[in-house]
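Chemist: Below is a structure I'd like to ask you about.
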Amino acid sequence: AVDALRCAAHAPLRRAAVVAAAGAREMTRGGTGSENHNHIPLPADAARASASDGAGAGDEQAGEAAAERECRICRLGEDDAGMGPLFHPCACSGSIRYVHQECLQRWLAHQRRTGSLATSAVPKCEVCSTPFRFSPVYKEGAPRSLPPLELVNGLMRRALRAAAELVRLVLVVATWACIVPLGTCCMWRIATAGSPPQAYDALATRLQTPALVFFDCIFGSALSAGIVLVFVCATSLREYVRQVREEAIVQAQAEGGEAGAQRNDGDDWFLRALGDDAGGNAAAAGGNAAGGGNNNDNDAAAADLDELPFEELVGLRGPLLALLESAATVLASNCAFLTVCLALPFQLGRLTLTVIAALTAAAAAARAGADPTAAAQAAVADPAGALLGALKAGVQW
Numbered sequence: 001a002v003d004a005l006r007c008a009a010h011a012p013l014r015r016a017a018v019v020a021a022a023g024a025r026e027m028t029r030g031g032t033g034s035e036n037h038n039h040i041p042l043p044a045d046a047a048r049a050s051a052s053d054g055a056g057a058g059d060e061q062a063g064e065a066a067a068e069r070e071c072r073i074c075r076l077g078e079d080d081a082g083m084g085p086l087f088h089p090c091a092c093s094g095s096i097r098y099v100h101q102e103c104l105q106r107w108l109a110h111q112r113r114t115g116s117l118a119t120s121a122v123p124k125c126e127v128c129s130t131p132f133r134f135s136p137v138y139k140e141g142a143p144r145s146l147p148p149l150e151l152v153n154g155l156m157r158r159a160l161r162a163a164a165e166l167v168r169l170v171l172v173v174a175t176w177a178c179i180v181p182l183g184t185c186c187m188w189r190i191a192t193a194g195s196p197p198q199a200y201d202a203l204a205t206r207l208q209t210p211a212l213v214f215f216d217c218i219f220g221s222a223l224s225a226g227i228v229l230v231f232v233c234a235t236s237l238r239e240y241v242r243q244v245r246e247e248a249i250v251q252a253q254a255e256g257g258e259a260g261a262q263r264n265d266g267d268d269w270f271l272r273a274l275g276d277d278a279g280g281n282a283a284a285a286g287g288n289a290a291g292g293g294n295n296n297d298n299d300a301a302a303a304d305l306d307e308l309p310f311e312e313l314v315g316l317r318g319p320l321l322a323l324l325e326s327a328a329t330v331l332a333s334n335c336a337f338l339t340v341c342l343a344l345p346f347q348l349g350r351l352t353l354t355v356i357a358a359l360t361a362a363a364a365a366a367r368a369g370a371d372p373t374a375a376a377q378a379a380v381a382d383p384a385g386a387l388l389g390a391l392k393a394g395v396q397w
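Numbering (the UniProt record's numbering), first residue to last: 1 to 397.
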């Protein structure tokens with residue numbers, strides 16, 4: 001069996017295979033191939049032949065029912081959902097004996113991405129500590145030398161794939177470094193403009209100058225980062241208040257007294273303002289099933305968001321629709337924040353200032369014997385100037 005495996009490894013242009021370390025001599029890893037590209041593990045029958053010592057073990061393994069074989073990761077069987085055949089690249093037995101090639105590669109990539117497996121470390125089984133060795137071999141009947149046309153086709157496919165990834169990278173960078181910050185900055189200009197014509201003139205003037213567009217992108221990036229920081233702080237405060245309240249309720253219930261629970265009822269208005277899912281009395285009782293379900297759903301959503309890879313979050317991986325959804329969500333959140341926290345207070349303050357300036361100008365004109373209506377209209381056109389002039393003149397109410 002060992003000689004057969006050695007011959008299969010040195011045969012030209014055979015399929016890629018995972019070499020089982022249990023019961024077989026470790027094969028030399030060919031080239032600089034990676035487990036994430038064009039490698040197919042050793043079939044289960046060949047791995048059993050390399051690991052078995054006698055006919056008895058081979059007969060026992062051959063007698064296994066196909067229904068009992070399932071992947072240790074996805075728990076699917078042979079060729080289920082198009083996952084391909086099952087293989088056993090390590091010394092594990094029983095229900096964790098077999099694994100799909102794609103499942104194993106995804107698991108190893110996940111370990112490297114999360115930091116549980118170093119990039120330079122040799123991947124191995126977590127149970128039996130058998131190292132996974134990948135060796136490039138090729139298909140039966142392939143020619144000894146690669147035809148030029150096949151070589152050109154392979155290079156073209158790689159070039160097209162690299163070009164697609166480059167275009168996607170440019171799109172992601174343009175979205176998060178230009179479109180979202182520029183849209184946030186434009187919303188800032190609109191919110192702080194005195195009137196719609198002033199906002200239009202400001203946007204038209206700045207968007208026609210590349211230098212101003214560049215500085216607006218930088219300002220919008222800083223503004224977006226500040227808004228995200230505010231949201232993070234608000235969420236942290238909400239979670240902290242909810243945790244403190246739940247601990248107080250548990251302590252009050254443990255003491256068996258109602259005074260502690262009544263003492264915490266005064267915090268309900270603050271928790272409702274922060275958007276607590278559970279009702280005040282139901283949460284105080286600690287037995288409302290709907291409130292617990294909402295909390296569980298929120299925890300599950302937060303866990304899914306934490307497990308979402310950064311590449312998929314920013315749009316480097318996955319469908320392009322996810323990139324558009326993420327960018328639209330961030331831009332809509334920024335616009336809503338600027339509208340509520342900047343535009344409404346600014347316009348309300350401007351309206352208040354205009355009314356005060358008009359009344360002050362009318363009172364000053366009446367005291368001077370002039371036309372109060374004309375003075376009020378002039379103050380409405382320039383409320384800040386009218387107020388400053390009235391203060392300098394010492395107008396009294």
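Where is the CB? At the ideal position from N, CA and C, for every residue including glycine.
Quick caveat, the model's predicted, so the values are computed rather than measured.
Alanine 327 and threonine 175 look like a contact to me (Cβ under 8 Å); what is the Cβ gap, rounded to whole Å?
Modeler: About 5 Å; that satisfies the 8 Å criterion.
Chemist: Starting from serine 135, follow the beta strand (DSSP E) in both directions and report where the run begins and ends.
Modeler: That run of the beta strand (DSSP E) goes 133-135.
Chemist: Can you give me the Cβ contacts of valine 180 inside the same chain, cut-off strictly under 6 Å, excluding the 5 residues immediately before and after it?
Modeler: Once the five neighbours on either side are set aside, the close Cβ partners of valine 180 are Ala327, Val330, Leu331.
Chemist: With DSSP collapsed to three states, give me the class of tyrosine 138.
Modeler: Note: tyrosine 138 maps to coil in three-state DSSP.
Chemist: Closest to alanine 361 by CA distance: which of Ala381, Cys217, Leu203, Leu313 is it?
Modeler: Among Ala381, Cys217, Leu203, Leu313, the Cα nearest to that of alanine 361 belongs to Ala381.
Chemist: Closer than 8 Å is the cut-off here; do at least three beta carbon pairs connect the region 183-195 with the region 336-354?
Modeler: Flag = yes, the region 183-195 and the region 336-354 touch.
Chemist: What's the C-alpha gap between glycine 349 and alanine 364?
Modeler: Distance between the alpha carbons of glycine 349 and alanine 364: 22 Å.
Chemist: So, with DSSP's three-state summary, where would you put histidine 100?
Modeler: Residue state, collapsed to three classes: strand.
Chemist: Whole angstroms is fine: what's the gap from alanine 322's alpha carbon to leucine 338's?
Modeler: Using only the alpha carbons, I get a separation of about 24 Å.
Chemist: Glutamine 101: buried (16+ other C-beta within 10 angstroms of its C-beta) or exposed?
Modeler: Result: buried.
Chemist: Determine, using beta carbons only, whether leucine 353 and alanine 375 come nearer to each other than 8 Å.
Modeler: Contact: no.
Chemist: To which residues of the same chain is alanine 11 closer than 6 Å at the C-beta, ignoring the five residues directly before and after it?
Modeler: Below a pLDDT of 50, predicted positions are generally treated as unreliable, and alanine 11, at 39, falls in that range; the measurement from the model is reported next regardless. Nothing listed; no residue qualifies.
Chemist: Per DSSP, which one or two residues make a beta bridge with leucine 86?
Modeler: Paired residues: His100.
Chemist: Would DSSP call cysteine 71 helix, strand or coil?
Modeler: The answer is strand: DSSP assigns cysteine 71 an E or B state.
Chemist: Using beta-carbon positions only, say whether cysteine 128 and cysteine 74 come within less than 8 Å of one another.
Modeler: No, the pair does not count as a contact, with Cβ atoms beyond the cut-off.
Chemist: For alanine 177, which option in Leu387, Ile218, Val355, Val241 has the closest C-alpha, if you only look at C-alpha atoms?
Modeler: Alanine 177 has its Cα closest to that of Ile218, out of Leu387, Ile218, Val355, Val241.
Chemist: Hey, which unbroken runs of the alpha helix (DSSP H) at 4 residues or more fall wholly within the region 108-187?
Modeler: The region 108-187 contains these whole alpha helix (DSSP H) runs: 148-174.
Chemist: I'd like the list of long-range same chain contacts for leucine 182, defined as Cβ closer than 8 Å, with 5 residues on each side in sequence excluded.
Modeler: Excluding sequence neighbours, leucine 182 sits near Val213, Asp216, Cys217, Gly220.
Chemist: For arginine 238, report the span of its alpha helix (DSSP H) as first-last.
Modeler: That run of the alpha helix (DSSP H) goes 210-255.
Chemist: For serine 93, which of Cys125, Gly82, Leu108 has the nearest alpha-carbon?
Modeler: Considering only alpha carbons, the answer is Cys125.
Chemist: Which word fits glycine 226, buried or exposed, when buried means at least 16 other C-beta atoms lie within 10 angstroms of its C-beta?
Modeler: Label assigned to glycine 226: exposed.
Chemist: Alpha carbon to alpha carbon, what distance is there between glutamate 325 and valine 355?
Modeler: The straight-line gap from Cα to Cα measures roughly 43 Å.
Chemist: Measure the Cβ-Cβ separation of cysteine 186 and leucine 160 and say whether it is below 8 Å.
Modeler: No, they are not a contact pair.
Chemist: Taking asparagine 184 and serine 236 to be in contact with their CB atoms under 8 Å, please state how far apart those CB atoms are, rounded to whole angstroms.
Modeler: One detail in the question is off: residue 184 reads as threonine in this sequence, not asparagine. With 8 Å as the limit, threonine 184 and serine 236 do not qualify as a contact, their Cβ atoms being about 22 Å apart.
Chemist: Kindly indicate which three-state DSSP category glutamate 35 falls into: helix, strand or coil?
Modeler: Residue confidence for glutamate 35 is low, a pLDDT of 39 falling below 50, so the modelled location carries little weight; the figure read from the coordinates is stated next. Here glutamate 35 sits in coil by DSSP.
Chemist: How big is the Cα-Cα spacing for glycine 84 and leucine 166?
Modeler: Going by the C-alpha atoms only, they are around 31 Å apart.
Chemist: Using 8 Å as the threshold, is the C-beta distance between valine 172 and valine 340 below it?
Modeler: Taking 8 Å as the Cβ cut-off, valine 172 and valine 340 do not qualify as a contacting pair.
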